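The next block holds one structure in the form of structure tokens; read it before the comments.
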Amino acid sequence: MKKFIRRDPQHRDQVPFLQLLPNLVTLSGMCLGLTSIRFAMDGRYDGAALLLLLAALMDGLDGLLARRLNATSNFGAELDSLSDFLCFGVAPGLLIYRFFLEPSNNFGWIFVLVFAAACCLRLARFNVMRDENEAETSHHFLGVPAPAGAMLGLLPLFVSLAGIVDLRPVPHLVAFWLGFVGVLMISRLRTFSPKAMRIPRALVGLMMFATVVAVGLMFTRIWLLLTALDLIYLALLVHAALQARRPDAG
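Residue numbering for the sequence shown follows this note's numbering, beginning at -11 and increasing consecutively.
Structure follows, in structure tokens:
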């Protein structure tokens, strides 16, 4: 015989803190994105870029917490999308515009709009696929995800801050790059997903060594590290594009 457990009326209007935690992390990431815009307006470009990097880390953390704590909800998913648009569509575009594109006037702004609109469309497509139970598989993403798109869009800034080459004299090139990244976000290209990553046992030691090197660079040459990570991701995109062109690609 089934036992019916009556909930204590005293607790009906209370929500466990752990159920709220993922949304609080999402809101924190959104605040980082907003503050990044302020930093960009004040000319503190390195701080603005670091805040967007932290926002990307928070974006990964909120989803992980929601799944681990069984706290997923439609409200949380919509809040996450709005935060992603701000942090990875609006803020990176404004940062690139302030650092590189203001001298180009209207020309550069067009590509900022293209980038932000592409991010918005990418997030909308993901939401529709999720609602129709056609979510992207754990093996790949469809198009470049918004956080990765933001980091790719900021590549010219990373290169300039790392002292490799100052791209401010070529704002038109930076503008075209921003538009190209926007196209990658709304493309149908199957891109790398960390969830599908498998490390051969023989390479585990090398992976640990690379992690130590990355942490060292994080505190000494972070812009060089971010440039290298962007280039590695670009290499993965080229590999994915070549795989998609193979006749036997499914």
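The beta carbon of each residue, even a glycine, is placed where N, CA and C say it ideally should be. Just so you know, these numbers come straight off a predicted model, no measurement behind them.
Beta-ladder partner(s) of residue i, from DSSP
i	result
residue 213	Note: residue 213 sits in no beta bridge, so no partner.
residue 128	180
Distance, residue j Cα to residue i Cα
i	j	result
residue 67	residue 60	11 Å
residue 107	residue 198	31 Å
residue 234	residue 219	23 Å
residue 240	residue 161	In the structure as shown, the chain starts at -11 and stops at 238, and residue 240 therefore has no counterpart that could be examined.
residue 34	residue 194	31 Å
residue 204	residue 1	48 Å
residue 144	residue 169	12 Å
residue 118	residue 227	27 Å
residue 85	residue 135	18 Å
residue 188	residue 206	25 Å
residue 55	residue 159	42 Å
residue 51	residue 63	13 Å
residue 172	residue 191	30 Å
residue 32	residue 69	26 Å
residue 37	residue 201	21 Å
residue 210	residue 95	31 Å
residue 48	residue 97	29 Å
residue 65	residue 28	28 Å
residue 147	residue 157	13 Å
residue 196	residue 186	14 Å
Neighbourhood of residue i by C-beta distance below 6 Å, restricted to the same chain and skipping five residues each side
i	result
residue 71	14, 17 and 18
residue 43	17, 20, 21 and 75
residue 81	100, 103 and 104
residue 222	none
residue 123	Residue confidence for residue 123 is low, a pLDDT of 49 falling below 50, so the modelled location carries little weight and cannot support an answer.
Closest Cα partner of residue i within the set the options
i	options	result
residue 115	3, 133, 229 and 55	133
residue 89	166, 228 and 175	166
residue 92	164, 190 and 209	164
residue 174	151, 112, 213 and 224	112
residue 149	64, 96, 45 and 208	208
residue 154	225, 5, 32 and 87	87
residue 7	45, 57 and 202	57
residue 30	83, 172 and 63	83
residue 138	65, 77, 28 and 27	77
Spatial neighbours of residue i in its chain, beta-carbon cut-off 8 Å, leaving aside the 5 residues before and after
i	result
residue 53	9, 10, 13 and 59
residue 152	212 and 215
residue 239	As displayed, the chain neither begins before -11 nor continues past 238, which places residue 239 out of reach and without an answer.
residue 177	130, 131, 132, 225, 228, 229 and 232
residue 140	132, 169, 172, 218, 221 and 222
Own chain partners of residue i with C-beta closer than 7 Å, once the 5 adjacent residues on each side are dropped
i	result
residue 79	21, 24, 25 and 40
residue 73	107, 108 and 111
residue 4	none
residue 179	128, 129, 131, 132, 225 and 228
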